[in-house]
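Using our numbering, the first residue of the sequence shown is number 419, and each one after it goes up by one.
Even for Gly, the Cβ is constructed at its ideal location relative to N, Cα and C.
Take a look at the structure below.
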Amino acid sequence: MNIRALITVCGALAVLGGCGRLAPAPPRVISFAEDFLPPGTLHLWNGDTLVPLLPALDEVRVLAREPEGQATAPQRAMTMRLGSTGESLLGRPVETLSDLAEAAGRIVRAPGSLAATVYDLSAPVQTPGQGQPLPRQFSLRLAPGVSLEQVCQEHRLRVVQGVAFAPGVHIVEAVSPELTAGLDAANALYESGQALFATPLLPLAAGTQASFNDPIFVDGYQWNLHNTGGRTPPWSPGAVAGNDLNVLPVYDMTDVLGRPINGTGINIAVVDVGVRMDQADIRGRIEPDPADPANPNGSRLGRNFSVEGSPEDATAPTAPNGYINTHGTSVSGTAAATADNGQGLIGVAHGAEVIPIRLFQGNSPDADYAFSVTDLQIAESLAYLAASDTPPADRVDVSNNSWAPRYDTFTARKDAIGPLTSLALEHGVTQGRGGRGIVYCFAAGNNDNVWNPQTNSYMAIRARTTYNGFASDRRVICVGGSDSRGLKTYYSEPGCSLLVNAPTGYDLGFPTSFMQPGLAGLLVSISIYPYHDIVPYPGYGMAGGTSSATPQAAGTVALMLQANPNLTYRDVQHILVDTATVTNPNTGAVTNPDQQWLMNGSGRLYSHQLGFGRIDAAAAVARARTWINVPAEERFETRFAPRNPPVIQDPGPGPSYRITSGTVTLAAPSFFVEHVEVDLTLAFPRRGDLQIVLLSPSGMYSIFQTPNQDATPNYSGFTFTSVAHWGEQASGPWTLYVVDAVDDGSPPGRLLGYTLRAWGHRR
């Protein structure tokens, strides 16, 4: 077996900036597995995580070029399938990417630009036309002492731009015509130790996740805010009273200035497809027209900030080209719709301001174009208005992200967070809100089970929050969804990185006949298109998904920050953990470990399906008013690096599994855990067959992975994150268990190693 476990790269040459003397680049230890990869597989480094890619030899992308030479969005590219054409042009079969470039080059001439097409390996079969163009641009942070000018000269790169929120980081582009020029340069720089990261800007396929006089509230449709247990329309026959956000008592509380607590003075950024700002319930929540001279901040806050600089104006009427156009407006309404205006509904934080940020193209009928974004675009949306010198009135206080990676192939793909996004989050939590940190809320995702309208049945994808590097990041709050009974919705993704849940509804893709006997409970929010409307409220329609749960969390956070502006982003996490409501406790009463409420070593109940419980807005705001800031964050780290890697074996026909494990010990006295991260490297032919579990010194376990359809081989530095050990003492043995849970006769693999990091604080 050919296992490349630990490769030490040292002695590479770097140039000290400006002096012309050569010095060795810092040694780098790279841990990755190359077993079981198909022939011809390429790879890129997403930060420190290796991502295998399979290039197509019968397909290229033809990218349009802007006058200055910048490639436009790859999704606008034309896909060219060569097939026998390539062979006839060359007089021989197309066997390499060089052959492919030569064949395509005989058809395409300037001003076009060719790009290889690559596929991820998560799906057992790659569907033609569903790949991504391999980019020539990549993000680059050089090691200390390495000259950018020399690197660009040596690898034929040009600097495209700097990154405002991350000094020292650049976007560079390969100018060589080879199809893999950008990838080759990025890998060479990272693997030689000359770069701290060099990550190609490969698009990620993401997707959105759906006594007042406001009539929708008065008529009982907003059961998520006030659940009486009645048969509240639409379709909530099994509602159980009290399963709601418990937010109404907050509106009777006041802040230190004597103002009612409703989010006043707090800005909620909605990172989405854009917001329709002429909608009646939203108009009062966004800065007035930027052309109004009486509003000097209007030019910044009074329009949709677009990360790609598109001239698209979301204030104008738009063509009815799909559900995607209404998503950001719906999310904004759930978080902050104006209250007591005699129309529509009320938002959780109906006194807060909304800052619309268009990450996705909300007016595009092409979902592949609308929802394919790069690491740079995501990072820009998260770093917007986070700089320490941002005027207080303009700051983003809370960032709502009701989106997650898409699962178009119905496989539980693993998506690591990109290095630029990680830098943007770090910028946001250290510089945002005057140093107290932007509070980022992310949807858990809707891909546990999905409804397949073609078969009129459930389809189990079994995605978990731990597969999503964005929602799992320790600097964000991962929000799942529960229904009007307090149970997990069928789609909400479980996982040990899930912090809390909020009430939400079911998707309209289900037939009414299916929903009536069920115990669902739909939400209502702002709509744009008539076919979403509910009678008798035109302009308002059904909502659901973790997309609707997340803005309720964001709205609750806005209420907490009004009550106590000195809270840090970590304080907010602590308060939500401590005040969440445990619904339907069933410790030990079920056999599925995901469904159990488990007592961790700190005495807290935790569920992989529901986190620490459903958000209790009144309890969270009450606790926030008297909260004392938690101590500074620290971390402890250790590594499991065996000389003889343990074997991962197929279970065979017997009734029991063969367990592989590796144990490390943390010596961290008086250190209390908040987050635990594991960077995993193993070699295995089909990683979706594995069950991966972490056991803490207290006996509490975190389920990182359950068997799923991911056909990708190996893990090379992928980070799994858990909040399940919140409050536990870190000292003692931590054991990672890996089990091949599928009897398919697969060859054995190896647990090559892992790094364990415990983040938390001392007392």
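The straight-line gap separating the alpha-carbon atoms of ILE796 and LEU777 is approximately 7 Å. Counting only unbroken stretches of 4 or more residues, the alpha helix (DSSP H) elements lying wholly within the stretch 750–826 are 785–788, 793–801, in sequence order. Three or more beta-carbon pairs separated by less than 8 Å are not found between the stretch 845–860 and the stretch 1101–1112, which leaves the two stretches without contact. In this structure, ARG1057 sits away from THR1139, with a CB-CB distance that is not shorter than 8 Å.
Between SER610 and VAL693 the beta-carbon gap is near 45 Å, outside 8 Å, which marks them as no contact. Here DSSP, grouped into helix, strand and coil, assigns GLU911 to coil.
LEU597 counts as buried, since no fewer than 16 other beta carbons sit within 10 angstroms of its beta carbon. By the C-beta criterion, the stretch 957–966 is judged not to be in contact with the stretch 1020–1035, since fewer than 3 inter-stretch pairs fall below 8 Å. For LEU614, the uninterrupted beta strand (DSSP E) run begins and ends at 613–618, by DSSP. Bounds of any beta strand (DSSP E) do not take in MET1118, whose DSSP letter is neither H nor E. Rounded to the nearest angstrom, the gap between the Cα atoms of ALA753 and THR467 is 35 Å.
Sorting MET1118, PRO1103, GLY1163, TYR955 by C-alpha distance to the C-alpha of SER1134 places PRO1103 at the top. Going by beta carbons, LEU1084 and ALA1148 fall inside the 8 Å limit.
Taken atom to atom, the span from the alpha-carbon of ASN605 to that of ASP690 is near 32 Å. Spatial neighbours of ARG893 in its own chain (CB-CB distance under 6 Å, excluding positions within 5 residues in sequence) are listed in chain order as LEU843, VAL847. THR986 and ASN1047 have their C-alpha atoms spaced approximately 7 Å apart. Note on geometry: alpha-carbon atoms of PRO1166 and ASP1068 lie some 7 Å from one another. Residue range 918–921 is occupied by the beta strand (DSSP E) that includes ASN919, with no alpha helix (DSSP H) assigned at that position.
A straight line joining the alpha-carbon of VAL1082 with that of VAL1065 spans about 18 Å. When LEU462, PHE454, ASP517 are compared, the shortest CA-CA separation from ASP476 is found for ASP517. Pairing VAL577 with LEU601, the inter-Cα distance amounts to about 15 Å. Contact between GLY683 and LEU977 fails: their C-beta atoms lie close to 11 Å from each other, not under 8 Å. Counting along the chain, GLY836 sits inside no alpha helix (DSSP H), nor does DSSP assign it H or E at all. Per DSSP, GLN555 is one residue of the beta strand (DSSP E) stretching across 555–560. The stretch 616–626 and the stretch 455–471 touch, with no fewer than 3 CB-CB distances between them shorter than 8 Å. For GLU572, DSSP assigns no beta-bridge partner whatsoever.
Ranked by Cα distance from ASP637, the options TRP821, LEU838, GLN872, ILE764 are led by ILE764. Setting aside the 5 residues that flank it on each side, LEU794 is surrounded in the same chain by SER557, ILE589, LEU619, LEU838, each with a C-beta closer than 7 Å to its C-beta; the list follows chain order. In the displayed model, HIS644 falls within coil according to three-state DSSP, outside both helix and strand. THR514 and PHE454 have their alpha carbons spaced roughly 20 Å apart.
By the criterion of a C-beta distance shorter than 6 Å, ALA1059 is surrounded in its chain by GLY1171, once the five residues flanking it on both sides are discounted. Within the model, the alpha-carbon separation for GLY769 versus GLY973 is close to 10 Å.
Between GLN849 and VAL990, the alpha-carbon positions lie close to 16 Å from each other. Distance check between ALA533 and each of ARG574, GLU520, GLN571, VAL480 places VAL480 closest, using alpha-carbon atoms only. A distance below 8 Å separates the beta carbons of GLY899 and ALA920. One alpha carbon belongs to SER902, the other to VAL918, and they sit about 16 Å apart.
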